[in-house]
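Quick notes on the structure that follows.
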Amino acid sequence: MSEVSLELLTKGRSLANQLSCLLEAVVVGSGLKGIEKQIIPYGCDVLHVADDPRLEPYTTMPHSAILIKLFNEEKPQIALMGATPIGRDLGPRVSSALHSGLTADCTSLEIGDHEDKKAGQVYKDLLYQIRPAFGGNIIATIINPDCRPQMATVREGVMKKEKVSASYPGKVNQLDVSKYVSDLDFVVRIIERHTEKKKINIKGASIIVSGGYGVGSKENFKLLYDLAAVLGAEVGASRAAVDAGYAEHDRQIGQTGITVRPKLYIACGISGQVQHRAGMEESSQIISINSDIDAPINSIADYVITGDISEIVPKMIKYYKQNTK
Amino acid sequence: MKGLKIIVLAKQVPDTRNVGKDAMKADGTVNRGALPAIFNPEDLNALELALRVKDKVPGTTITILTMGPGRAAEIIREGLYRGADGGILLTDRAFAGSDTLATSYALAQAIREMGHFDLIVAGRQAIDGDTAQVGPQVAEKLHLPQVTYVEEVLKIEKSTITVRRRLDNGVETVQSPLPMLVTVNSSAPECRSRNVKMLMKYKHARTITEKQEATEDYTHLCDSRPFLLIREMTVNDIKAEAEQLGLTGSPTKVKKIDNVVLQAKDAKKLSGADEGINELMRELIESHVIG
Numbered sequence: 001m002s003e004v005s006l007e008l009l010t011k012g013r014s015l016a017n018q019l020s021c022l023l024e025a026v027v028v029g030s031g032l033k034g035i036e037k038q039i040i041p042y043g044c045d046v047l048h049v050a051d052d053p054r055l056e057p058y059t060t061m062p063h064s065a066i067l068i069k070l071f072n073e074e075k076p077q078i079a080l081m082g083a084t085p086i087g088r089d090l091g092p093r094v095s096s097a098l099h100s101g102l103t104a105d106c107t108s109l110e111i112g113d114h115e116d117k118k119a120g121q122v123y124k125d126l127l128y129q130i131r132p133a134f135g136g137n138i139i140a141t142i143i144n145p146d147c148r149p150q151m152a153t154v155r156e157g158v159m160k161k162e163k164v165s166a167s168y169p170g171k172v173n174q175l176d177v178s179k180y181v182s183d184l185d186f187v188v189r190i191i192e193r194h195t196e197k198k199k200i201n202i203k204g205a206s207i208i209v210s211g212g213y214g215v216g217s218k219e220n221f222k223l224l225y226d227l228a229a230v231l232g233a234e235v236g237a238s239r240a241a242v243d244a245g246y247a248e249h250d251r252q253i254g255q256t257g258i259t260v261r262p263k264l265y266i267a268c269g270i271s272g273q274v275q276h277r278a279g280m281e282e283s284s285q286i287i288s289i290n291s292d293i294d295a296p297i298n299s300i301a302d303y304v305i306t307g308d309i310s311e312i313v314p315k316m317i318k319y320y321k322q323n324t325k
Numbered sequence: 001m002k003g004l005k006i007i008v009l010a011k012q013v014p015d016t017r018n019v020g021k022d023a024m025k026a027d028g029t030v031n032r033g034a035l036p037a038i039f040n041p042e043d044l045n046a047l048e049l050a051l052r053v054k055d056k057v058p059g060t061t062i063t064i065l066t067m068g069p070g071r072a073a074e075i076i077r078e079g080l081y082r083g084a085d086g087g088i089l090l091t092d093r094a095f096a097g098s099d100t101l102a103t104s105y106a107l108a109q110a111i112r113e114m115g116h117f118d119l120i121v122a123g124r125q126a127i128d129g130d131t132a133q134v135g136p137q138v139a140e141k142l143h144l145p146q147v148t149y150v151e152e153v154l155k156i157e158k159s160t161i162t163v164r165r166r167l168d169n170g171v172e173t174v175q176s177p178l179p180m181l182v183t184v185n186s187s188a189p190e191c192r193s194r195n196v197k198m199l200m201k202y203k204h205a206r207t208i209t210e211k212q213e214a215t216e217d218y219t220h221l222c223d224s225r226p227f228l229l230i231r232e233m234t235v236n237d238i239k240a241e242a243e244q245l246g247l248t249g250s251p252t253k254v255k256k257i258d259n260v261v262l263q264a265k266d267a268k269k270l271s272g273a274d275e276g277i278n279e280l281m282r283e284l285i286e287s288h289v290i291g
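Taken in sequence, the protein lines are chains A and B. The first sequence lines up with residues 1 to 325 when you count with this note's numbering. The second sequence lines up with residues 1 to 291 when you count with this note's numbering.
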């Protein structure tokens with residue numbers, strides 16, 4: 001099971017408790033015998049299973065056909081999906097067919113009321129779908145007053161996962177797959193697939209954790225990757241760090257590397273030579289972590305933290321993990 | 001092989017990637033007016049993918065379809081300069097306030113009016129919303145197969161297309177029948193630059209509204225060179241049901257908008273001790289810079 005699915009089960013459980021309704025889940029794939037043992041302990045009351053060799057690997061049309069028909073039968077008021085490449089391929093297709101409305105990449109989901117003053121109507125217990133928009137410059141609260149299900153996708157790591165009980169009393173509903181898909185749904189074929197390391201995409205990152213010579217070692221540089229992983233950031237480096245072999249050349253930021261303008265730039269052990277600053281000084285916010293209180297980069301930083309990378313970065317990770325889930 | 005008819009879906013967007021301090025208002029919120037309007041970056045990747053099919057299969061034509069206000073004609077011209085063959089601006093007040101579903105409905109209805117096509121190519125997502133929904137929703141409305149996150153067309157035959165798509169942890173080679181829709185990732189090749197000949201040919205290309213509003217008289221020019229007229233479609237051209245359009249046709253409504261306040265001020269100096277770090281992280285999370 002992917003982490004995000006378990007995180008959504010936990011969020012779904014708490015929403016279901018608030019709304020006094022059931023939490024149901026759908027699993028679509030092949031070789032799913034025993035899958036309920038991984039899902040029901042998260043507080044799932046009914047697990048719908050569509051198990052068929054043709055359903056793995058994922059292709060859009062059979063998977064969406066199953067969800068569309070199942071949602072039409074079960075009429076859920078809320079449907080949550082992981083904002084993974086699959087969820088972002090499947091979700092819009094399903095929402096279009098059901099005319100239900102979908103909010104992508106929610107960072108928070110809450111239950112609340114809504115008053116439509118013009119129509120003089122009050123809606124009780126809607127799903128508030130809260131997400132950043134406009135390149136992260138605004139936070140929007142989206143609602144679907146009239147259409148069901150209220151659909152949302154959420155990225156992995158945004159919600160916390162928590163088992164309710166290993167012996168949670170959930171039921172399994174095996175679906176007769178042939179009633180949900182037609183042969184016409186299988187016209188798209190996966191010919192080949194292989195895993196490959198993700199390409200580095202520093203230019204497109206909204207948060208960059210960047211390291212300089214002051215990071216001190218390749219081992220310490222790993223801490224920056226840890227911080228980047230929890231923040232959903234990319235890792236950058238100064239020329240000195242690249243020359244020292246701490247980071248790949250593709251990550252070099254500065255006059256001779258890449259120019260970036262992220263929302264947040266966290267400079268770790270970077271002194272801030274003019275050549276480096278040319279590549280990052282237009283970042284919206286800059287944090288400088290440096291043992292040298294007089295490092296030139298501090299003059300363009302919004303926050304200056306004086307101290308040792310190997311102590312400060314783990315503290316940031318710890319605080320973030322404890323306070324965002 | 002016979003040339004294909006390709007439709008590229010493109011959007012003009014505010015350049016949200018470059019919200020520097022200069023684009024901030026005094027209260028710390030974004031001054032949207034100060035952001036330049038650009039060709040959505042992944043839609044340029046989509047255009048390049050279409051142009052590469054055109055390079056391989058002579059006789060292929062590319063039409064850019066965009067929905068937006070009158071000024072969105074700029075991106076059609078930009079596409080023409082880079083090798084597209086034509087463009088349609090879908091524009092009407094009735095589309096205002098559309099969410100992704102109402103947008104994809106209007107686009108799908110416009111595509112139905114455009115006649116035969118083999119392939120629809122769209123950017124994966126637009127940077128002003130980052131939803132990645134319009135492509136798949138257009139495919140669903142037209143009952144077409146879709147392949148998302150595409151990076152390259154590997155093979156194109158009479159009735160099938162083979163593409164490579166990039167996922168978080170790897171790549172897939174996928175074959176689909178035509179007609180179909182692909183959405184293109186930023187990891188795909190960057191769009192070629194403007195072609196000087198095309199720039200000369202199309203620099204006076206105008207929509208009918210632009211022509212009417214222009215101080216210069218384009219009538220003579222457009223009459224002698226019909227390719228200079230960018231077609232406009234309005235709600236009357238697309239056989240749309242009014243209740244599926246704009247705000248009314250949008251299941252999702254915006255309840256509330258909170259501006260993220262980015263403060264420009266003197267550096268805040270913090271110690272490396274727990275309190276300092278916690279204060280920093282709390283401020284960043286509260287202002288939604290992270291989290």
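All C-beta atoms in this analysis are idealised placements derived from N, C-alpha and C, irrespective of residue type, glycine included.
- Taking 8 Å as the cut-off, the Cβ atoms of proline 262(A) and isoleucine 208(A) count as close.
- Partner residues in the beta bridge of isoleucine 142(A), as assigned by DSSP, are Gln129(A) and Val254(B).
- Chain B has a Cβ within less than 8 Å of the Cβ of tyrosine 128(A).
- Checking the DSSP bridge columns, you'll see threonine 183(B) partnered with Ala122(B).
- Runs of the beta strand (DSSP E) lying entirely within the segment 55 to 127 of chain B, each at least 3 residues long, are 61 to 67, 86 to 90 and 119 to 123 in chain order.
- Interface flag for glutamine 109(B) against chain A is unset, since no Cβ pair is found closer than 8 Å.
- Under DSSP, glutamine 146(B) takes part in a beta bridge, and its partners are Leu181(B).
- Remark: C-beta atoms of arginine 165(B) and valine 174(B) approach each other more closely than 8 Å.
- Using beta-carbon distances, asparagine 31(B) does not count as an interface residue toward chain A, since no partner is under 8 Å.
- Cβ-Cβ distances below 6 Å link glycine 236(A) to Ile202, Ile208, Ser210, Arg251 and Ile253 in the same chain, with the five nearest sequence neighbours on each side left out; the list follows chain order.
- Annotation: the continuous beta strand (DSSP E) that includes serine 271(B) extends over 268 to 271.
- Where asparagine 17(A) is concerned, the enclosing alpha helix (DSSP H) starts and stops at 3 to 19.
- Annotation for glycine 211(A): no alpha helix (DSSP H) segment contains it, though the beta strand (DSSP E) segment containing it runs 207 to 211.
- A buried status is given to threonine 141(A), since no fewer than 16 other beta-carbon atoms sit within 10 Å of its beta-carbon.
- In chain order, Pro57 place their CB closer than 6 Å to the CB of isoleucine 190(A), counting only its own chain and leaving out the 5 sequence neighbours on each side.
- The beta carbons of phenylalanine 71(A) and alanine 79(A) sit about 7 Å from each other, so the pair counts as a contact at 8 Å.
- By the Cβ-count criterion, lysine 218(A) is exposed, with fewer than 16 other Cβ atoms from all chains shown falling within 10 Å of its own Cβ.
- With a cut-off of 8 Å on Cβ pairs, the segment 114 to 130 of chain B is in contact with the segment 29 to 48 of chain B, counting three or more such pairs.
- Note that the segment 147 to 163 of chain B does not touch the segment 93 to 103 of chain B; fewer than 3 beta-carbon pairs, one per stretch, sit closer than 8 Å.
- Residue-level contact check: lysine 155(B) does not touch chain A, since none of the beta carbons of chain A fall below 8 Å from its beta carbon.
- Listed along the chain, the chain B residues whose CB falls inside 7 Å of the CB of isoleucine 138(A) are Ile257, Asp258, Asn259 and Val260.
- In the DSSP assignment, the residues bridged to leucine 264(A) are Ile207(A) and Gln285(A).
- For threonine 248(B), there is no enclosing beta strand (DSSP E), as DSSP marks it with neither H nor E.
- Going by beta carbons, isoleucine 285(B) and threonine 324(A) fall inside the 8 Å limit.
- In the DSSP assignment, arginine 239(A) falls outside any beta strand (DSSP E) and lies within the alpha helix (DSSP H) extending over 239 to 243.
- Look at the segment 264 to 278 of chain B: the residues with a C-beta under 9 Å from a C-beta of chain A are Ala264, Lys265, Asp266, Ala267, Lys268, Lys269, Leu270, Ser271, Gly272, Ala273, Asp274, Gly276, Ile277 and Asn278.
- CA-to-CA, the gap between isoleucine 88(B) and phenylalanine 117(B) works out to about 14 Å.
- When rounded, the separation of the alpha-carbon atoms in arginine 239(A) and proline 136(B) is 42 Å.
- Under the three-state reduction of DSSP output, methionine 198(B) falls in the helix class.
- Given a length threshold of 4 residues, each whole run of the alpha helix (DSSP H) inside the segment 57 to 126 of chain A is given here in chain order: 60 to 74 and 85 to 98.
- Contact fails between the segment 100 to 109 of chain A and the segment 221 to 230 of chain A, because fewer than three Cβ pairs, one in each stretch, are under 8 Å apart.
- Beyond the five residues adjoining it in sequence on each side, glycine 43(A) comes within less than 7 Å, by CB distance, of Leu9, Arg13, Leu23, Val164 and Tyr168 in the same chain, given in chain order.
- Legend: CB atoms of the segment 181 to 201 of chain A lying less than 9 Å from CB atoms of chain B belong to residues Val187, Val188, Arg189, Ile190, Ile191, Glu192, Arg193, His194, Thr195, Glu196, Lys197, Lys198, Lys199 and Asn201.
- Note on alanine 188(B): 16 or more other CB atoms within 10 angstroms of its CB, so buried under the neighbour-count rule.
- Separation of glutamate 3(A) and alanine 16(A) (C-alpha to C-alpha, rounded to the nearest whole angstrom) is 20 Å.
- Under the three-state reduction of DSSP output, isoleucine 238(B) falls in the coil class, being neither helix nor strand.
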